[in-house]
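Numbering (this note's numbering), first residue to last: 4 to 117.
Glycine included, C-beta positions come from ideal geometry on N, C-alpha and C.
Given the structure is predicted, the values throughout are model-derived calculations rather than measurements.
And the structure:
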């Protein structure tokens, strides 16, 4: 079974940056990306990137976050800049390879606080 392993979360002050990573153990996914879930709220889309490098972002992070991928390493990255308190959430990596079910990582906590 495919595993997605996230890393890079942590505690950061407002205005700071973090770089999240997500490594896939086996498959090359056609689309990889990130969702996040804050306490008491539904999981929401953050960003995605296709195998050819096309990207899409949620309006709330556009201009602050940058998604990229290294297909040779089967890894996707999320560079988060100008972090705000409302970015605090568990960030989940996902991978799509139709017709297989979406694969999810276990999540990594990002906390933005002074």
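Check: Buried versus exposed call for residue 65 [16 or more other C-beta atoms within 10 Å across all chains shown]; Outcome: exposed
Check: Sequence-distant residues of the same chain with beta carbon closer than 8 Å to residue 185, five excluded per side; Outcome: Within the shown structure, residues of the chain are numbered from 4 to 117, placing residue 185 beyond reach of any answer.
Check: Those residues which DSSP pairs with residue 26 across a bridge; Outcome: 8, 78
Check: DSSP bridge partner residues for residue 33 (one or two, in chain order); Outcome: None, per the DSSP bridge assignment.
Check: 3 or more residues per run - each beta strand (DSSP E) lying fully within the segment 38 to 75; Outcome: 47 to 53, 58 to 60, 68 to 73
Check: Bounding residues of the beta strand (DSSP E) (the contiguous stretch that carries residue 111); Outcome: 111 to 115
Check: Beta-bridge partners of residue 21, as assigned by DSSP; Outcome: 83
Check: Spatial neighbours of residue 67 in its chain, beta-carbon cut-off 8 Å, leaving aside the 5 residues before and after; Outcome: 83, 84, 85, 86
Check: Sheet register partners of residue 99 (DSSP bridge); Outcome: 34
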